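Asks: Next up is a structure, given as structure tokens.
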Amino acid sequence: MEIVARHDLGAEAWDRIVLSSPDGWTWALYDWQEMILGVERWRMQEQGFAVKKGSQVLAVVPLHYQPDENYLTSSGWGWTGPVLADGISSKLEKKIRGAIYDRIVDLGKTLRARVYLEGAPPITRRSLENKWAVNPCIASGLTDTSTQSLILDLTQSEDELWLGLSQDARQQIKKAEKNGYTVNLCSWKDNVDRYYQLHCETYTRTGVPPHPRAYFEGVAQSVDPEKYTALWGGVSPDGEVIAYHNDCCFGDAALYHTGCSSPEHMVSGINYLIFWHAILGSKRAGRKWYEIGEVFPGAKGNKEEGLSIFKSKFGGEVHRYFRSSLALSATSADSAVGKKIAMKNWLRSGKVLVTEVLGVKFTKRIAIIARSAIRLVRFGLQTIKFMRRVAWGMYSRLRKVLIPQIPFIRPFWGREELATLADSQNTRTDWQENEKRY
15 MEIVARHDLG AEAWDRIVLS SPDGWTWALY DWQEMILGVE RWRMQEQGFA
65 VKKGSQVLAV VPLHYQPDEN YLTSSGWGWT GPVLADGISS KLEKKIRGAI
115 YDRIVDLGKT LRARVYLEGA PPITRRSLEN KWAVNPCIAS GLTDTSTQSL
165 ILDLTQSEDE LWLGLSQDAR QQIKKAEKNG YTVNLCSWKD NVDRYYQLHC
215 ETYTRTGVPP HPRAYFEGVA QSVDPEKYTA LWGGVSPDGE VIAYHNDCCF
265 GDAALYHTGC SSPEHMVSGI NYLIFWHAIL GSKRAGRKWY EIGEVFPGAK
315 GNKEEGLSIF KSKFGGEVHR YFRSSLALSA TSADSAVGKK IAMKNWLRSG
365 KVLVTEVLGV KFTKRIAIIA RSAIRLVRFG LQTIKFMRRV AWGMYSRLRK
415 VLIPQIPFIR PFWGREELAT LADSQNTRTD WQENEKRY
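What follows is the structure in structure tokens.
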């Protein structure tokens with residue numbers, strides 16, 4: 015089997031596998047991978063490759079290296095993994111996966127990456143057909159790190175989908191409609207500015223650093239947004255877009271990817287109305303499955319619990335969200351390097367959050383003050399080290415002057431002593447001989 019870099023294989027051959035594969039999903043597409051590389055703040059480095067046998071492409075593997083956190087991942091700002099060609103037998107699949115993970119291990123050694131991460135959306139064909147919900151990657155030696163997600167069956171009628179909503183969700187939807195709120199399907203290209211404004215407001219409100227603007231611009235420009243995404247806009251009675259719901263779409267399925275809303279309209283019910291329209295829109299587009307999103311059964315008193323409660327109000331059944339990891343060659347997360355990386359990421363996220371809350375100018379001033387403070391601390395530490403060296407030198411000199419040195423006592427057994435000993439031995443022998451003689 016031959017390993018070929020993604021760029022060498024080309025977009026047409028790459029996407030041909032993704033579009034026909036049971037592992038195929040939007041995040042594995044060639045242009046989507048390119049778009050991720052264009053988000054400078056994420057600092058992803060291209061490592062994607064394909065597995066070929068002769069002229070036949072057997073699999074494509076979306077793959078990036080993230081140097082700040084030192085991991086390899088099948089990334090797409092989402093989860094994906096090796097995408098095997100359709101119709102592969104189980105015997106050949108085992109060989110292909112072996113070649114894929116051997117390549118990843120080799121890359122891990124070269125890059126000194128600490129771990130490899132991959133996942134599979136629960137609405138890919140392979141995930142939906144997984145009868146026993148067993149992670150297929152464990153047979154290749156990967157560690158199962160799967161979670162859970164809610165999947166809605168869109169083959170139900172619209173009345174059945176409505177009855178599957180919780181009572182609270184139906185009440186919130188009716189309230190929003192009664193008060194004049196509406197939902198429209200929007201163009202990404204025309205809504206990037208407003209979307210990112212609401213995105214920053216939402217993430218700042220929840221205490222999470224906003225994502226880079228370049229990502230949303232990439233969705234609008236680098237991929238086919240009309241085919242692989244669906245952006246729903248919630249409109250207030252006065253005609254202002256005050257909420258967005260962003261779906262990723264592929265084949266017979268769609269999933270809720272990102273969303274945001276204005277805090278002034280939180281109690282209007284718009285978040286329920288826009289979610290309901292996204293579900294209906296996917297059904298009317300002929301799709302069979304809708305992933306409501308990841309849930310966290312058992313979570314208590316945190317954001318995960320709130321998200322789980324909200325998503326569960328739209329019906330659906332819990333499915334396994336297959337995720338896997340593979341330990342590679344390098345640094346553990348609790349090492350000094352890992353702590354340094356974590357600190358840098360924390361500072362970077364903090365800067366983004368402060369920028370969105372307090373503005374660019376104020377953030378630059380804080381950064382200048384912080385850099386000056388760091389330089390001052392470094393100068394202080396260097397001064398302390400220098401003064402310690404000076405003090406130790408002065409102490410050493412004074413010690414020599416004030417404390418008399420003890421004369422060094424030369425060892426007894428030297429050349430002169432040995433010669434003297436030999437002479438004395440010889441003299442003693444001669445005397446003994448003379449004494450015997452007389």
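Here the sequence shown stands for residues 15 to 452, numbered as in the numbering used here.
Using N, Cα and C, we set each Cβ at its ideal position, and we do this for glycine too.
Quantities reported herein were computed from a predicted structural model and do not represent experimental measurements.
1) Is there contact between the segment 147–154 and the segment 303–321, where contact requires at least three CB pairs shorter than 8 angstroms?
2) Does the separation of the CB atoms of glycine 283 and leucine 164 fall below 7 angstroms?
3) Would you list the residues sitting across from isoleucine 165 in a DSSP beta bridge?
4) Please go through the segment 123–192 and give each complete alpha helix (DSSP H) segment of 4 or more residues, from N-terminal end onward.
5) Taking all protein chains shown into account, decide if glutamine 61 is buried (16 or more other Cβ within 10 angstroms of its Cβ) or exposed.
6) Straight-line CA distance for leucine 51 to alanine 19?
7) Exposed or buried, which one is threonine 94 when buried takes at least 16 other CB atoms within 10 Å?
8) Could you check the C-alpha separation between aspartate 120 and leucine 179 for me, to the nearest Å?
9) Output the residue ranges of the beta strand (DSSP E) runs that lie fully inside the segment 253–306 and measure 3 residues or longer, sorted by chain position.
10) Is arginine 57 helix, strand or coil by DSSP?
11) When the Cα atoms are used, what is the spatial distance from tyrosine 209 to serine 338?
12) Taking the alpha-carbon of glycine 232 as reference, which of Asp29, Trp41, Met15 and Asp22 has the nearest alpha-carbon?
13) Determine the DSSP secondary structure at glutamate 319, reduced to helix, strand or coil.
14) Which residues in the same chain have their Cβ closer than 6 angstroms to the Cβ of lysine 66, if we skip the five residues on either side of it in sequence?
15) Just to confirm the assignment, what range does the alpha helix (DSSP H) spanning histidine 213 have?
16) Per the DSSP calculation, arginine 337 is bridged to which residue(s)?
17) Using DSSP with H/G/I as helix, E/B as strand and the rest coil, what is histidine 78?
18) Opposite asparagine 198 in the DSSP bridges: which residues?
19) Is the distance from the Cβ of aspartate 37 to the Cβ of arginine 140 below 7 angstroms?
20) Please report the straight-line C-alpha distance between proline 136 and phenylalanine 310, rounded to a whole angstrom.
21) According to DSSP, what are the bridge partners of lysine 67?
22) Between the alpha carbons of histidine 78 and serine 89, how many angstroms are there, rounded?
23) State the DSSP-derived secondary structure class of threonine 87, mapped to helix, strand or coil.
24) Considering only C-alpha positions, which residue in the set Asp266, Gly253, Lys375 and Gly248 is nearest to asparagine 260?
25) Between the Cα of leucine 23 and the Cα atoms of Lys105, Arg55, Pro76 and Gly312, which residue gives the shortest distance?
26) Could you check the C-alpha separation between phenylalanine 336 and valine 391 for me, to the nearest Å?
27) If you draw a straight line from the C-alpha of alanine 292 to the C-alpha of leucine 269, how long is it?
28) Cα separation between histidine 333 and leucine 294?
29) At the level of alpha carbons, what is the spacing between valine 351 and lysine 203?
30) Does the structure place the segment 294–304 close enough to the segment 100–109 that three or more beta carbon pairs sit under 8 angstroms?
31) Indicate whether the contact test is met: 3 or more Cβ pairs, each with one atom in the segment 271–285 and one in the segment 167–182, closer than 8 angstroms.
32) Do you know how far the Cα of asparagine 205 is from the Cα of glutamine 70?
33) Could you tell me which of Leu212, Pro226, Arg301 and Arg411 sits nearest to cysteine 274, measuring between CA atoms?
34) Alpha carbon to alpha carbon, what distance is there between tryptophan 290 and aspartate 29?
35) Determine the closest residue to isoleucine 306 out of Arg298, Ala267, Gly312 and Glu278, with distance taken between C-alpha atoms.
Replies: Here's the rundown:
1) No, they do not touch.
2) Sequence index remark: in the sequence shown, residue 283 carries index 269 (1-based). Sequence index remark: in the sequence shown, residue 164 carries index 150 (1-based). Remark: C-beta atoms of glycine 283 and leucine 164 do not approach each other more closely than 7 angstroms.
3) Taking the sequence shown and counting its residues from 1, the one referred to as residue 165 is at position 151. The secondary-structure analysis by DSSP pairs isoleucine 165 across a beta bridge with Glu305 and Glu331.
4) Taking only runs of at least 4 residues, the alpha helix (DSSP H) segments lying wholly in the segment 123–192 are 139–142, 172–177 and 181–192.
5) Numbered from its first residue, the sequence shown carries residue 61 at position 47. Under this definition glutamine 61 is a buried residue.
6) By 1-based counting over the sequence shown, the position of residue 51 is 37. By 1-based counting over the sequence shown, the position of residue 19 is 5. Going by the C-alpha atoms only, they are around 15 angstroms apart.
7) One-based indexing of the sequence shown puts residue 94 at position 80. Its Cβ being crowded by 16 or more others within 10 Å, threonine 94 is buried.
8) For the purposes of this step, residue 120 is taken as the residue at position 106 of the sequence shown. For the purposes of this step, residue 179 is taken as the residue at position 165 of the sequence shown. The alpha-carbon atoms of aspartate 120 and leucine 179 are separated by roughly 49 angstroms.
9) Counting whole runs of 3 or more residues, the segment 253–306 contains the beta strand (DSSP E) stretches 255–264 and 267–275.
10) Here the question's residue 57 lines up with position 43 in the sequence shown. Coil.
11) Against the sequence shown, residue 209 aligns to sequence position 195. Against the sequence shown, residue 338 aligns to sequence position 324. Their backbone Cα atoms lie some 32 angstroms apart in a straight line.
12) As a working note, residue 232 is residue 218 in the sequence shown. It is Trp41.
13) Numbered from 1 along the sequence shown, position 305 holds the residue referred to as residue 319. Helix at glutamate 319.
14) As a working mapping, residue 66 is identified with position 52 in the sequence shown. Glu16 and Val18.
15) In the sequence shown, residue 213 corresponds to position 199, counting from 1. It spans 202–219 - the alpha helix (DSSP H) in which histidine 213 sits, taken as one unbroken run.
16) Locating residue 337 in the sequence shown gives position 323, where the first residue counts as 1. Under DSSP, arginine 337 takes part in a beta bridge, and its partners are Gly133.
17) Position 64 of the sequence shown, counted from the first residue, corresponds to residue 78. Histidine 78 falls in the strand class under three-state DSSP.
18) What you label residue 198 is simply residue 184 of the sequence shown in a count that begins at 1. DSSP output for asparagine 198 lists Gly247 as bridge partner(s).
19) As a working mapping, residue 37 is identified with position 23 in the sequence shown. As a working mapping, residue 140 is identified with position 126 in the sequence shown. Yes. Within cutoff.
20) Counting from one through the sequence shown, the residue named residue 136 turns up at place 122. Counting from one through the sequence shown, the residue named residue 310 turns up at place 296. The alpha-carbon of proline 136 is positioned some 15 angstroms away from that of phenylalanine 310.
21) Reading the sequence shown from its first residue, position 53 is the one you call residue 67. Answer by DSSP bridge pairing, in chain order: Gln70.
22) Counted from its first residue, the sequence shown places residue 78 at position 64. Counted from its first residue, the sequence shown places residue 89 at position 75. One C-alpha to the other measures close to 6 angstroms.
23) As a first step, residue 87 is located in the sequence shown; it is residue number 73 there, counting from the start. Correct three-state label for threonine 87: strand.
24) Numbered from its first residue, the sequence shown carries residue 260 at position 246. Checked all of Asp266, Gly253, Lys375 and Gly248; the closest Cα to asparagine 260 is Gly248.
25) Your numbering for residue 23 matches position 9 in the sequence shown. Answer by Cα proximity: Pro76.
26) The residue given as residue 336 occupies position 322 in the sequence shown. The residue given as residue 391 occupies position 377 in the sequence shown. Rounded to the nearest angstrom, the two C-alpha atoms are 47 angstroms apart.
27) In the sequence shown, counting from the first residue as 1, residue 292 sits at position 278. In the sequence shown, counting from the first residue as 1, residue 269 sits at position 255. When rounded, the separation of the alpha-carbon atoms in alanine 292 and leucine 269 is 9 angstroms.
28) Taking the sequence shown and counting its residues from 1, the one referred to as residue 333 is at position 319. Taking the sequence shown and counting its residues from 1, the one referred to as residue 294 is at position 280. Whole-angstrom Cα-Cα distance: 21 angstroms.
29) Position 337 of the sequence shown holds residue 351. Position 189 of the sequence shown holds residue 203. For valine 351, the predicted structure reports a pLDDT of 42, less than 50, and the residue's modelled location is therefore unreliable. A value from the coordinates is still provided. Each residue's Cα considered, the two are about 41 angstroms apart.
30) Segment contact: the segment 100–109 against the segment 294–304, fewer than three CB-CB distances shorter than 8 angstroms; contact not assigned.
31) Contact between the segment 271–285 and the segment 167–182 is absent: fewer than three C-beta pairs spanning the two stretches fall below 8 angstroms.
32) Indexing the sequence shown from 1 puts residue 70 at position 56. Indexing the sequence shown from 1 puts residue 205 at position 191. The C-alpha of glutamine 70 lies about 41 angstroms from the C-alpha of asparagine 205.
33) Residue mapping note: residue 274 aligns to position 260 of the sequence shown, counting from 1. The shortest Cα separation from cysteine 274 among Leu212, Pro226, Arg301 and Arg411 belongs to Leu212.
34) By one-based count along the sequence shown, residue 29 stands at place 15. By one-based count along the sequence shown, residue 290 stands at place 276. Their Cα atoms are separated by approximately 31 angstroms.
35) The sequence position of residue 306 within the sequence shown is 292, counting from 1. Relative to the Cα of isoleucine 306, the nearest Cα in the group Arg298, Ala267, Gly312 and Glu278 belongs to Ala267.
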